[in-house]
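Contents: one structure, followed by commentary.
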Ligand code: PGA
């Protein structure tokens with residue numbers, strides 16, 4: 384973390400978990416468990432149908448609600464999809480874009496990620512753009528080039544002033560949901576590399592203002608060490624965000 388230049392952002396990614404009633408209960412539990420949130424932004428990215436209940440439950444707390452996906456077209460014949468206007472009207476502030484599960488199971492590509500980044504920004508919301516290499520790519524030694532391609536295409540056409548609204552989440556695919564966390568050195572190396580790419584595209588001032596999260600089995604135990612790295616400005620948390628005490632512990636680690 385480097386609070387002098389940028390925000391620390393702790394975001395829960397609930398994936399396909401919790402009904403609206405369960406969402407309300409979990410948020411209330413998080414609110415009761417977490418201490419005073421002073422130094423970081425807290426987000427819960429909930430399933431679409433949970434959004435109204437989540438927004439209501441988050442009222443008065445320093446927790447924002449995010450979505451896990453969006454469609455890039457503004458409206459029309461796209462059965463089963465959800466538009467930016469729909470999310471915005473419900474009070475959504477952040478949208479996860481290009482999560483590896485969307486890339487893997489729902490044919491999300493770097494190009495659709497880029498379109499969605501623009502859609503989210505134009506609607507006045509903030510994208511959390513996910514990038515990450517597979518285990519095979521890491522073993523082949525191509526992590527840096529894979530990440531660079533993903534970042535460059537995701538940001539294609541994004542203006543300098545828009546860049547400040549973007550959060551990048553580095554999520555090595557092999558660490559997601561596996562209990563295998565990247566070491567703080569591995570995570571920091573890639574996050575520093577991402578900041579370097581942003582610097583080459585937008586200059587040093589913008590680069591140092593962008594929050595870059597780590598995601599992949601971040602939990603109550605390893606959060607503090609990961610967050611101690613200068614270029615890791617928070618976390619995108621799956622499994623551990625579904626347990627109030629664990630999520631609260633991660634928030635408290637970011638709040639130190
Ligand atoms: P995990 O998921 O924390 O359960 O590994 C992270 C994510 O997919 O965003």
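In this note's numbering, the protein residues as written are 384 to 639. Ideal placement from N, C-alpha and C gives every residue a C-beta, glycine not left out. None of the values given here were measured: they were computed from a predicted structure.
Segment limits, alpha helix (DSSP H) that includes residue i
| i | result |
| --- | --- |
| residue 394 | Looking at the DSSP string, residue 394 is not in any alpha helix (DSSP H); the run it does join, the beta strand (DSSP E), is 391 to 396. |
| residue 458 | Neither: residue 458 is in no alpha helix (DSSP H) and is coded neither H nor E. |
| residue 469 | 467 to 473 |
| residue 626 | No alpha helix (DSSP H) holds residue 626; DSSP gives it neither H nor E. |
| residue 416 | 403 to 416 |
| residue 546 | 543 to 546 |
First and last residue of the uninterrupted beta strand (DSSP E) at residue i
| i | result |
| --- | --- |
| residue 619 | 617 to 620 |
| residue 382 | The first residue shown for the chain is 384 and the last is 639, placing residue 382 beyond what the model contains. |
| residue 488 | Premise fails: residue 488 lies in the alpha helix (DSSP H), 483 to 488, not in any beta strand (DSSP E). |
| residue 479 | 477 to 480 |
Where residue i sits in the DSSP three-state scheme
| i | result |
| --- | --- |
| residue 509 | strand |
| residue 614 | coil |
| residue 585 | helix |
| residue 552 | strand |
| residue 534 | helix |
| residue 503 | helix |
| residue 438 | helix |
| residue 525 | coil |
| residue 514 | strand |
Residues sharing a beta bridge with residue i, DSSP
| i | result |
| --- | --- |
| residue 428 | 396, 449 |
| residue 574 | BP columns for residue 574 are empty, so no partner. |
Beta-carbon proximity of residue i to residue j, cut-off 8 Å
| i | j | result |
| --- | --- | --- |
| residue 629 | residue 623 | yes |
| residue 438 | residue 397 | no |
| residue 482 | residue 466 | no |
When you compare the segment 398 to 408 with the segment 605 to 615, are there three or more beta-carbon pairs, one atom per stretch, that lie closer than 8 Å?
no
Touch check for the segment 461 to 481 and the segment 406 to 421: three-plus C-beta pairs under 8 Å?
no
Segment contact flag, the segment 446 to 454 with the segment 518 to 527, C-beta cutoff 8 Å, min 3 pairs:
no
Assess contact between the segment 546 to 553 and the segment 579 to 591, defined as three or more Cβ pairs (one per stretch) separated by less than 8 Å. Is contact present?
yes
Give a yes or no on contact between the segment 554 to 564 and the segment 506 to 518, applying the rule of three or more CB pairs nearer than 8 Å.
yes
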